[in-house]
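Chemist:
Protein chains in written order, with the working numbering: chain F, 1 to 377; chain C, 1001 to 1196.
Now the structure itself:
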């Protein structure tokens, strides 16, 4: 058997096994952080410090009854969670999860498919297919809450795909490649992208929250409004697959944030190109974990957006800002100006957006029925 | 009664400044509250079965029947508690008292803890401060019969609470009856009902 094929297979097996375990423990971490933020302790009964809780949860999911409500479309009902999981796993195939180097190298590459020249494009394309899982799930459930959740999800994901793609284009312009390893290499040589394009990072971060259906953008499953959203009718392992898919998405996007904006394994002074591979790996994982924890903290900080606010945020704020940012990057790149011009430009754009929003005439107030209007005195 | 027009106060949405329109400072402020205001501060969970919360002394939990100084039941079987009880959970059978200082005493005194709504009216009605609600709140049993607390059980609750030093505060007692002992010391301020 070809040696590189063997390595790829081993990487896939290792990545799958480890990522599923990590997801199980991410759920524990999420519950723990939720508890700490609410001045509680969190799960601490199963095993020392509650460390066996994920295993108990997993067993519960496996042995629960598989409920098929009477009027569901059986084929699509089973297909939907599988699609959600498959797309989430596929999207992770090209994203580095450790130190990498540019293609002609003999080192081990911490990525399932090294040297994919359409890396970013592939992740976006496959990752956004996850919405099919949600739509099919909502449709096949034959339940109005599920369907409403699915509809919201489709509108949300399509809207936020645009600023997400546009914000990365600036980075791609500088790296001159869609290949994620090359993007890391460019940052090793030229410094982290977040320093030069903070606005792009902010836009990407916001869009990623929406893509992952995380609070404050978790409208597809807003439990106070839609029972459970698209997974209302799902139980047992089918529900667990949706859940795993969602957390896998979270991991993938954290990897993407690290690779595209925070220099991957590169950390000036600690992890340089001459460092040992273990140091690089630890630095990389630390960045990813920081992002995941940040996701969970934001969840308990910002309340959920209303649906019209969500849409106006994407179309009136994020997309214009992303285009303006892209134009700035293009101008700087085209006329070969110093790339130190980029951070002030980004900050100017952010402040400018605030000023425009401040000066903009307020939207007309919602009209109350005449009987409820305050009486003029 | 309708609200008067002058009592109605209309609150307008506060005007947002440029900084508020940027959103980011507000988000950072919120994260600060999340992390330093809550996540890193000590949590308030009580590990229940191992650690039991200390209830305030006026908590209304399981009842007890008080004993007087000679260890006799204080109750004079006047039926005031069972009359006051809105849940009709107290069942008393009176008998002539074997002691010279009172006419009657309860031959049986059965209180259905499952029926009780823990309102504390029995405690307020009692003229001799014989029945009191304690801070005990963990009440379990395997059958309905087990939860019918009789005189011995209620007296044992008294012994238990006296031993644990968790005597309840009398919320309302009024004047003490003739069968009740007089307070030893001057009434402590803040403890109503201790005056003779």
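For each residue, glycine too, the CB sits at the ideal point set by N, CA and C. Just so it is clear, the structure is predicted and the values come from calculations on it, not from any experiment.
(1) Could you tell me whether the Cβ of residue 11 of chain F comes closer than 8 Å to any Cβ of chain C?
(2) So residue 343 of chain F and residue 195 of chain F are in contact, right, with Cβ under 8 Å, and what is the actual spacing, rounded?
(3) Taking the alpha carbon of residue 1023 of chain C as the reference point, which residue from F/62, F/202 and F/165 has its own alpha carbon closest?
(4) Expressed to the nearest angstrom, what Euclidean distance is found between the alpha-carbon atoms of residue 1072 of chain C and residue 1004 of chain C?
(5) Considering only residues of the same chain and omitting the five flanking positions on each side of residue 184 of chain F, which have a CB-CB separation below 8 Å?
(6) One question on the structure: do residue 318 of chain F and residue 220 of chain F come within less than 8 Å of each other, judged by their Cβ atoms?
(7) Below 7 Å on C-beta distance, what does residue 297 of chain F contact in chain C?
(8) Can you look up residue 1115 of chain C in the DSSP assignment and give me helix, strand or coil?
(9) List, in chain order, every chain C residue whose beta-carbon is nearer than 9 Å to that of residue 350 of chain F.
(10) Could you tell me whether the Cβ of residue 1011 of chain C comes closer than 8 Å to any Cβ of chain F?
(11) Determine contact between the segment 31-40 of chain F and the segment 292-312 of chain F, defined as no fewer than three beta-carbon pairs at a distance below 8 Å.
(12) With 8 Å set as the bound, which would you pick, yes or no: does the beta-carbon of residue 358 of chain F sit closer than that to a beta-carbon of chain C?
(13) Could you name the residues of chain C that residue 37 of chain F contacts, counting a contact when the two beta carbons are closer than 8 Å?
(14) On a Cα-Cα basis, can you pick out the residue from F/277, F/55, F/40 and F/111 that is closest to residue 240 of chain F?
(15) Just confirm the distance between the C-beta atoms of residue 272 of chain F and residue 1031 of chain C, as a whole number of angstroms; I'd bet it's less than 8 Å.
(16) Have a look at C/1059, C/1109, C/1118 and C/1101 and flag the residue whose alpha-carbon is nearest the alpha-carbon of residue 1152 of chain C.
(17) Under 8 Å: do the segment 138-152 of chain F and the segment 204-218 of chain F share three or more Cβ pairs, one atom per stretch?
(18) Any chance the CB of residue 274 of chain F is under 7 Å from a heavy atom of the ligand MG?
(19) Which residues in chain C sit within 9 Å of residue 41 of chain F, going by Cβ to Cβ distance?
(20) Verify the CB distance criterion: does residue 1003 of chain C have a CB-CB separation below 8 Å to chain F?
(21) Once you ignore the five residues that flank residue 1157 of chain C on each side, which residues in its own chain have a CB closer than 8 Å to its CB?
(22) Classify residue 1058 of chain C as buried or exposed, calling it buried when 16 or more other Cβ atoms lie within 10 Å of its own Cβ.
(23) Excluding the five sequence neighbours on either side, which residues of its own chain have a C-beta within less than 6 Å of the C-beta of residue 1114 of chain C, listed in chain order?
(24) In terms of residue numbering, what span does the beta strand (DSSP E) encompassing residue 1096 of chain C cover?
(25) Just how far apart, CA to CA, sit residue 1040 of chain C and residue 21 of chain F?
(26) Could you please give me the residues that DSSP links to residue 102 of chain F through a beta bridge?
(27) Under a three-way DSSP split, which group does residue 20 of chain F fall into?
(28) Are the segment 326-334 of chain F and the segment 277-289 of chain F touching, with three or more C-beta to C-beta distances below 8 Å?
Modeler: Let me lay it out:
(1) no
(2) 7 Å
(3) F/202
(4) 59 Å
(5) 96, 100, 259, 263, 264, 265 and 266
(6) no
(7) 1031, 1034 and 1035
(8) coil
(9) 1022 and 1024
(10) no
(11) yes
(12) yes
(13) 1034, 1038 and 1039
(14) F/55
(15) Incorrect: roughly 31 Å between the Cβ atoms, too far for contact.
(16) C/1109
(17) no
(18) By its list of ligands, the structure shown contains no ligand whatsoever, and the ligand MG lies outside what it can speak to.
(19) 1043, 1045 and 1047
(20) no
(21) 1062, 1063, 1064, 1065, 1134, 1136 and 1149
(22) exposed
(23) 1147
(24) 1090-1096
(25) 27 Å
(26) Residue 102 of chain F pairs with nothing; no bridge assigned.
(27) helix
(28) no
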